[in-house]
Each structure stands twice: as structure tokens, then as C-alpha cells.
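Worksheet for the structure shown next.
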Amino acid sequence: MNLTLHLFIWVPIFGFLVSLILPKKNETLISVTAFSTLAIQLSIAVVFVAYWILTGSETIQIKDLILFKNEEYVFQIDFLFDKITAVYLLVGALLTFMVTLYSRYYLHREAGYKRFFNTTLFFYVGYCLTTLSGNLETLFIGWEILGISSFLLISFYRERYLPVKNAVKVFSIYRIGDVGIILAMWASHHLWGQNITFFQLNNAELVHEHLQMHSIIGVFISLMFLISASAKSAQFPFSSWLPRAMEGPTPSSAIFYGSLSVHIGVFLLLRTFPFWENQISVRILIAGLGLLTALVATGIARVQSSVKSQIAYASIAQIGLIFIEVSLGFEKLALFHFAGNAFLRTYQLLVSPSVVSYLIREQFYHFEPRANSIERILPTKWRNTLYILCLKEWNLDSMLYQYLWNPMKWAGNKMNFLNGKRLIAYFIPAFGISYYLINQNQMNETALHWLPILFAGIGLILVFKSFTQRKSIRLSWILVIMNHFWIALAISLNEKFDSFESVLYLSGIMVAGLIGYLCLQRLFQQEGKITLNRFQGLSESHPKIALIFLLACLGLTGFPITPTFIGEDLIFSHIHEDQFLLAGIVSLSFILDGLAVIRIYARIFMGPNYRTHAEFSNRYF
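All the letters of the sequence shown, read from the start, carry residue numbers 9 to 629 under this note's numbering.
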């Protein structure tokens, strides 16, 4: 049993690694590798699930690998297999297998043929890690892989402006979900005094015992789960990202955003259901959110002119209903609904070109409006208002910009006076003095209480500036690095701990930061002045630099399983359970770090290459 569960992880990892070294022009070998990997995975899944059912369907837990351990903290990879995992694993394996076979011919002679299959296998690695996860730490590893691979798949046509822009937008929403997971992990560590496993959550007495004395923390953790699930599953008010994700190739839209990735939020709620089962207010909130999303998404779907957008919003509406089923405790119904919705949306997206052709050929000349519809029972004014709201998608994008991104940009723009020289003049001496005073123990209790918040706030201001920086790429990169140093300083002041933990955390930052800076220097030497005012599209002319810089970006964002990733988790373990403000500032800093560096990568290496286009135009006209 244990060996087989490991195969579910190692088979796609091996397939992914093999696909990386294959020649770019050999389409047959690339597709056969991906196809064979998923065929083996599907065969193992079918046989294993059948054997598991025949032997009693008992829950399997594996405490697999300890990545880091000290007296108070253990970072461990755990796996869990139960009926939730079985359904998600079978559905994911079967759909990915079929769509991969479809993609062999759909993407024939496409410039990014190899890149598509590489990213698909990478996505599937994250999917398997998520569905087999036995604790929040393991789930977060898969969660992050899903996020970055989704960004790469949506921006598959990276020479175009719109796919890249929408990829960054989707990644931004995913990072909001990451905030929920990070804060839930932090609060759970303090609630349980350990890294709790999902298998332990099934112990009702254990959960009740801890929640009875810490009801507020319990509600907080449940709300963080809900935020993460809502962002990942495109529930209100995050619903607008799913239609934007359809800018990628049709196969990726079908398999990931139409069927698998969008249901991961449901998986999170199903997996954590024993934790919030007895929190009636949380269950009502989940059901209400699902109902609101279903109503809003249904209305928007009915007025869409794009077939893909119709399918996307229809899927969002169905997931809203699944949220209701989960909140009511109908686990089996929710799993059945997930499988049905996943297969249906995959089929609809794959046949969408044929549907478009039919609509043009048949309905353009023979259009007959519906004689009766539910909207006709409403007064004309209400009906027209509802139509306009749905046509504008309830201004969901505008709401996020107005209440989330614009305040961050405003804060960053207030730092326009900050340049490289002033950064050295102000912040580096302040950092040095603060570090000296801490080591000399010359702080009173009041200072010790507020200074961690102040230092973390300084780091947050720096990353705000990096997030809004339009001119200097190197300044934006350095600001992200400095943010991590201020966070480390804040946490070291907040609680005394082994200096090795800070070294582990900052070593990953320094290595990734240095590699990224050298890539930028090399790029400036070859291309001259480059800014963040527009997309440069330099990945085609500098593919090696683009790859190395992407790896540096992942290292700087704390991508699994880098030293930064483990270090960030360690940092959070030293934030006390009553320090919600400090935890919020630090988690927001980590999230904006990821957005800032991915924004830098997208602006430099993705989008239209205007220089190439200009040369082409001058050549022929």
C-alpha cells in the first residue's frame, strides 16, 4: 500500500523530468512520454482503488518524510488516502489521460508543443500532491505547484498581450488563496501545538476538546479555509478569474480550469470538514456564499457571447451548489457532483469549436428567441437592471481593483521618492542600528511589543513599492529581497530562536536574489535599458536567461521545497497566537513578494516583443 501511494507521486515526477530533456522538435517522443506517464498513472489508480475497495476501504495514512525538525517544530510530508482522495485521483487521472491524448493532435506543430506537455505534467504533479496530502504543509506544496503551473498554462501564448495579462490576474487571485492557507497553518500550529494531520481531524473528541477552549481561533481557521477555497474555486467575489483563464489552449482550459483546478477549493472544504462541522455559523456562511455564487454566475452565463465564458460561469454556478452540499454534510453527493461536473465541462470545452460553428451556421439565420423565460416574471426595470449587471459581470473585477489592488498601488506610489541611493541612505543604516540594539538587549517591553509590527510594516511598504515600480527593474528586485530581511529582523525581535532558522530562511533569499540580479545584469548588457512600463517579450530571444530567472523568482517566492519555503513556515511558527496583526502583515508581505517577482518576470520575458515587430514592419513596408 505504502509503495503504491508513493508511485502516485513519483510516476508523474519521473515523467515530468524525462520530458524536460527531450528534444524540442520531436513531437512524437514528447507526446508519447506524457501519454505513457498518464496511462501508467491511470492503470495504477484503477487497480489500487479496486483493491482498496475490496479490502474494506480503510483510511491509509503515511508519515513519509521529515524535512526539518527541532524541539518545537516538525515540517513533515504526510500522505492520506480515503474516499475523497480516491474520487479526485481517479477523475484527475482519467481526464488528464484523455485530454493529453487529444492534445497530441490539437497542438501539432505548435511552437510551444514541448512546453505545454512539460507544464501539464508539472501541473499533474501538484494535483497528485494536493489530493494525496495528509497535512496542511503537504497540501500547500501541491497548492503552490498548481498556482505557478496554472500561470504558465494560461500564458502559453506568451507572445500575445491578453493571455499574459490574464495569467498575472489569475495568479494574483491564487495568491489571495495562499494568504488563507498560510494563516490557517499558523493558527493551527498554535491551536494544536503541532502540525496537525487530516487523519487526526477525524477524531471528533480531539477536535471538540481543542475548539472548546479556543473557539475564536477555530472560527478564524475555518474562515481562512473558506477564503482559500473561494479563491481557488472562483466563488464570489473571485469569480471573474475563471473566464480569463480560458486564454490558454483549449485542452488546458478543459482539463484544468474547467474540471480539476477549479474543484480544488471543494477538496479543501471536504478535507477540513471534520474541523468546522460543528461550527454552525461557518456552515451557514459557506452555504450562503455558494447560493449567492450560483445565482450570480447563472445570470452572467446567460448573457455571455463567448462559448468558453458560458461554460466557465456555468461551472462556477455548479461549484456554488457543491459548496452548499458540502456545508450540509452531503459528502458523497458533493463527490458525485464534482465528478459529473468535471467530465461535463471537459467535454463541453473540447467540443466548443464545433458548437461555435453550429451557432454560426444554424442560429444566425434561424434565430428564435425563447417564448418563455424566468426573467419575464420580473418587472421590466428590474429585468433590464439585472441584464446590465450580468452583462458587466457584476463589476467583480472593478470591485477587486477598487478595494484590494488600488489601495496597495496607492501605498506604493506614495513611495515614489524612494530610489537606489535613498534606499541605501535610509533603510540599510536603520536595519543595521536595529539589529545592533536587538543584540545588545537595549529594548524595553513596550518597544519589544511594537517594534516587530513596525519592522514588518517597513518590509510591507518596501514590497508595496516593488509591486508598483514601473521604471527600475533592479530596484524592484532589491526591494523584494530587503522585505525578507526586515521580516527576519521583526520575527527575531518577536521571539528568541536558533539563529540557524534565520540563516536557512535568508540563505534561500540571498541565493535566489543573487542569481536573479545577475540575470538582469546580463540582460541589460545585451538589450540595453529595460523598464517595467510594458511587456518586453524577451523569452524568445533569451530563453536560457528566462528559465534561470524564473527559477530565481520561484526561489524568492518560497516555492516548494526551497530553503525559503521551509524558512517561511519556520518564521510563522514564532508569531504568537494573539498576534493577528503581525501575522497578517507578514503573510501579506509574502504574498505580494510572489506577485511582485512574477510581475517582473512577465513584464520582461512575456508579451509582444515590440522590437521584433518593429523590425518586421520596417523590413516589409
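All C-beta atoms, glycine included, are put in the ideal place defined by N, C-alpha and C. The structure presented is a predicted model; accordingly, all values stated were derived computationally and were not measured.
Mapping the DSSP letters down to three states, classify residue i as helix, strand or coil.
| i | result |
| --- | --- |
| serine 625 | Note on serine 625: pLDDT 41, under 50, position unreliable in the model; no value is reported. |
| leucine 73 | strand |
| isoleucine 229 | helix |
| threonine 205 | strand |
| serine 314 | coil |
| asparagine 4 | Here the chain covers residues 9 to 629 and nothing more, so residue 4 does not appear. |
| leucine 88 | strand |
| leucine 25 | helix |
| isoleucine 68 | strand |
| serine 141 | strand |
| valine 359 | coil |
| phenylalanine 83 | strand |
| threonine 41 | helix |
| glycine 420 | helix |
| alanine 119 | coil |
| glutamine 287 | coil |
How long is the line joining the alpha carbons of residue i and residue j, rounded to whole angstroms?
| i | j | result |
| --- | --- | --- |
| alanine 622 | glycine 524 | The predicted model places alanine 622 with a pLDDT of 46, which falls under 50 and marks its position as unreliable; any figure quoted below should be read in that light. Near 28 Å, if we compare the C-alpha coordinates of glycine 524 and alanine 622. |
| leucine 600 | threonine 388 | 45 Å |
| phenylalanine 246 | alanine 192 | 19 Å |
| glutamate 333 | phenylalanine 344 | 11 Å |
| valine 176 | leucine 268 | 20 Å |
| glycine 256 | lysine 422 | 36 Å |
| leucine 512 | leucine 75 | 12 Å |
| isoleucine 541 | isoleucine 481 | Correcting the residue identity first, residue 541 is asparagine in this sequence and not isoleucine. Going from the Cα of asparagine 541 to the Cα of isoleucine 481 covers about 10 Å. |
| histidine 492 | valine 82 | 22 Å |
| phenylalanine 475 | leucine 468 | 10 Å |
| asparagine 626 | lysine 240 | Residue confidence is low: asparagine 626 scores 40 on pLDDT, short of 50, so the model does not pin down where it sits. Its coordinate-derived value is still stated next. If I take the Cα positions, the gap works out to 45 Å. |
| phenylalanine 624 | tyrosine 395 | Note that phenylalanine 624 has pLDDT 40, beneath the 50 cutoff, so the model's placement of it is unreliable and no number is given. |
| glycine 155 | arginine 117 | 27 Å |
| asparagine 424 | isoleucine 538 | 19 Å |
| leucine 404 | serine 248 | 6 Å |
| serine 51 | leucine 15 | 11 Å |
| asparagine 210 | threonine 12 | 23 Å |
| arginine 112 | serine 157 | 19 Å |
| serine 230 | aspartate 186 | 14 Å |
Measure the Cβ-Cβ separation of residue i and residue j and say whether it is below 8 Å.
| i | j | result |
| --- | --- | --- |
| alanine 42 | serine 65 | no |
| proline 616 | tyrosine 169 | yes |
| tryptophan 494 | isoleucine 517 | no |
| valine 594 | alanine 347 | no |
| alanine 438 | valine 172 | no |
| valine 605 | threonine 565 | yes |
| alanine 242 | isoleucine 190 | no |
| leucine 88 | glycine 142 | yes |
| leucine 103 | alanine 350 | yes |
| valine 178 | alanine 253 | yes |
| leucine 671 | alanine 496 | As displayed, the chain neither begins before 9 nor continues past 629, which places residue 671 out of reach and without an answer. |
| isoleucine 70 | aspartate 86 | yes |
| leucine 46 | alanine 94 | no |
| glycine 266 | threonine 127 | no |
| isoleucine 385 | leucine 590 | no |
| valine 471 | leucine 459 | no |
| leucine 276 | alanine 237 | yes |
| phenylalanine 338 | glycine 298 | no |
| glutamine 356 | isoleucine 319 | yes |
Exposed or buried, residue i, counting other C-beta atoms within 10 Å across all chains shown (16 or more means buried)?
| i | result |
| --- | --- |
| alanine 58 | exposed |
| tyrosine 411 | exposed |
| phenylalanine 629 | Because phenylalanine 629 sits at a pLDDT of 38, beneath the cut-off of 50, its placement in the model cannot be relied upon, and the point is left open. |
| glutamine 534 | exposed |
| glutamate 217 | exposed |
| leucine 555 | exposed |
| glutamate 503 | exposed |
| isoleucine 436 | exposed |
| proline 259 | buried |
| proline 551 | exposed |
| glycine 536 | exposed |
| tryptophan 485 | buried |
| glycine 420 | buried |
| methionine 407 | exposed |
| phenylalanine 613 | buried |
| glutamine 587 | buried |
| phenylalanine 508 | exposed |
| phenylalanine 580 | buried |
Taking 8 Å as the threshold, find out whether the stretch 115 to 126 comes into contact with the stretch 27 to 34 through three or more Cβ pairs. Touching, yes, given that three or more Cβ pairs across the two stretches are closer than 8 Å.
Do the stretch 257 to 276 and the stretch 124 to 135 touch if we need at least three Cβ pairs shorter than 8 Å? Using a Cβ-Cβ distance cut-off of 8 Å, the stretch 257 to 276 and the stretch 124 to 135 are in contact, since at least three pairs of beta carbons, one from each stretch, lie closer than that value.
Is there contact between the stretch 188 to 207 and the stretch 287 to 295, where contact requires at least three CB pairs shorter than 8 Å? Taking one beta carbon from each stretch, the stretch 188 to 207 and the stretch 287 to 295 have fewer than 3 pairs nearer than 8 Å; the two do not touch.
Taking three-plus beta-carbon pairs below 8 Å as touching, is the stretch 303 to 323 in contact with the stretch 217 to 231? Touching, no, given that fewer than three Cβ pairs across the two stretches are closer than 8 Å.
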